[in-house]
Amino acid sequence: MRKSFFQWAHLYRMAKTIFRLFPPPFEEVALEGLYLRLNLHRLGTPEKPFVYANFLTSLDGRIALEDSSGQTYLPKSLTTPNDFRLFLELECQADCLITHGGYLRSLAEKRLGNILQIGLTDTTRDLAEWREAQGLVPQPAIVVASASLDFPMPPSIREHGQACYIATGEQADPAKLDYWRRQGYDIILAGKGRMVEGDVLTRRLGELGYRTIYLIAGPHMLDTMVREGRLARLFQTITHQLMGGEVFRTLLPGPELGPFGHLKLLSLYYDPTSPLGAGQWFAQFESNHV
Ligand SMILES: NC(=O)c1ccc[n+]([C@@H]2O[C@H](COP(=O)([O-])OP(=O)(O)OC[C@H]3O[C@@H](n4cnc5c(N)ncnc54)[C@H](OP(=O)(O)O)[C@@H]3O)[C@@H](O)[C@H]2O)c1
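For the sequence shown, the tail end lands on 574 under my numbering, and the numbers increase by one without skipping.
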């Protein structure tokens with residue numbers, strides 16, 4: 285029987301290997317399953333949820349560029365199938381994802397693809413099976429962090445039976461809070477102003493029973509989680525390109541961080557083949573402060 289493009293892509297990825305640089309020994313290892321073997325879903329408890337994030341940067345620290353209209357975008361040369369596979373392996377281990385209003389607006393405008401559900405395509409079916417084998421619910425809960433409360437809720441969340449919360453600050457617009465409550469969404473007030481604070485949000489999610497929380501939001505949510513000592517692990521893909529671009533985004537938008545930003549390297553893998561003939565590192569760091 286002839287194989288579809290997706291089946292070929294899946295077989296190619298299965299055969300794909302990269303190199304472990306740290307910890308020793310140097311070794312060729314399979315890409316697929318690399319992060320699933322970390323078993324992050326066993327590391328958190330409701331008393332101390334395990335919060336982790338994954339970012340993709342160039343050598344000069346860009347995570348996104350801004351175009352002349354002020355719109356930020358992820359340059360295509362940053363993203364690769366290998367990085368995306370590892371992103372999905374991390375997502376697969378979570379019982380709760382934190383996204384934000386900006387992502388839901390981009391999703392509705394089709395400027396970004398859907399990453400709110402796991403294992404629904406031919407090439408990612410193994411991830412759904414992995415979740416089932418580990419006793420995890422088919423799809424993780426979703427938390428939408430938003431100060432404005434202006435975003436469209438994608439129907440896919442309810443279609444897949446995912447618990448869904450909206451997190452915002454205590455100073456959020458009461459009329460908008462009423463609107464979302466009338467739509468049947470639970471609100472988590474997690475911050476004294478309009479913004480969500482990482483410490484309060486993590487505690488509330490623990491009280492709701494969540495243990496393994498994957499941050500798929502942007503730099504502002506990362507900033508508050510790190511600053512408040514709640515980020516347990518940072519996964520960073522560093523592509524070997526100097527990107528430039530005069531107006532850009534980087535990992536942390538806030539003021540100088542000090543010791544909270546000091547991390548310990550847990551693992552480092554080298555993928556020599558992508559993107560576009562340059563290589564990339566897949567690094568995993570642990571926080572000293574959680
Ligand atoms: N390379 C990578 O790994 C990577 C990762 C993430 C993002 N990016 C890119 O980087 C650029 C900027 O990212 P971003 O748009 O995610 O930026 P962001 O400024 O971190 O987040 C944007 C939106 O998230 C909500 N938000 C964030 N933190 C919040 C908080 N503490 N409390 C309440 N709401 C909060 C706000 O939504 P409301 O406006 O609804 O209040 C805000 O407008 C984008 O182009 C994105 O694609 C790259």
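Cβ atoms here follow ideal geometry from the backbone N, Cα and C, with glycine treated the same way.
Computed from a predicted model, the values in this text were never measured in an experiment.
Taking a 10 Å sphere around the C-beta of residue 310, we find fewer than 16 other C-beta atoms and assign the residue as exposed. In the displayed model, residue 491 falls within a helix according to three-state DSSP. Comparing alpha carbon positions, the residue from 495, 572 and 413 closest to residue 379 is 495. The segment 443-476 is shown to contain whole beta strand (DSSP E) runs of 3 or more residues at 448-452 and 470-473, in chain order. By the CB criterion at 7 Å, residue 330 and residue 497 fall outside the cutoff.
Taking the Cβ of residue 391 as the reference point, every heavy atom of ligand 1 lies at 6 Å or farther away. In the three-state scheme derived from DSSP, where H, G and I count as helix and E and B as strand, residue 398 is classed as coil. Taking non-hydrogen atoms of ligand 1 into account, the C-beta of residue 503 is found less than 6 Å away from one of them.
For residue 519, the enclosing beta strand (DSSP E) has its first and last residue at 515-523. At least one heavy atom of ligand 1 lies closer than 6 Å to the C-beta of residue 385.
Between residue 509 and residue 482, the gap from beta carbon to beta carbon is short of 7 Å. Put simply, the backbone Cα of residue 365 is about 12 Å away from that of residue 560. About 6 Å separates the Cβ atoms of residue 398 and residue 391, confirming a contact at the 8 Å cut-off. Within the segment 363-408, the runs of beta strand (DSSP E) at least 3 residues long that lie entirely inside it are, in chain order, 380-384. Here residue 448 really is in contact with residue 469; their C-beta atoms are around 6 Å apart, less than 8 Å. In this chain, the alpha helix (DSSP H) harbouring residue 508 covers 503-511. The beta carbon of residue 370 sits no closer than 6 Å to any heavy atom of ligand 1. With a beta-carbon spacing of about 4 Å, residue 453 and residue 478 fall inside the 8 Å limit used to define contacts. DSSP, read as helix, strand or coil, puts residue 548 in strand. The beta-bridge partner set that DSSP reports for residue 499 consists of 337 and 382. Boundaries of the beta strand (DSSP E) around residue 301: 301-306.
Contact between residue 325 and residue 401 is absent: CB atoms are separated by about 17 Å, not below the 8 Å threshold.
For residue 426, the enclosing beta strand (DSSP E) has its first and last residue at 425-429.
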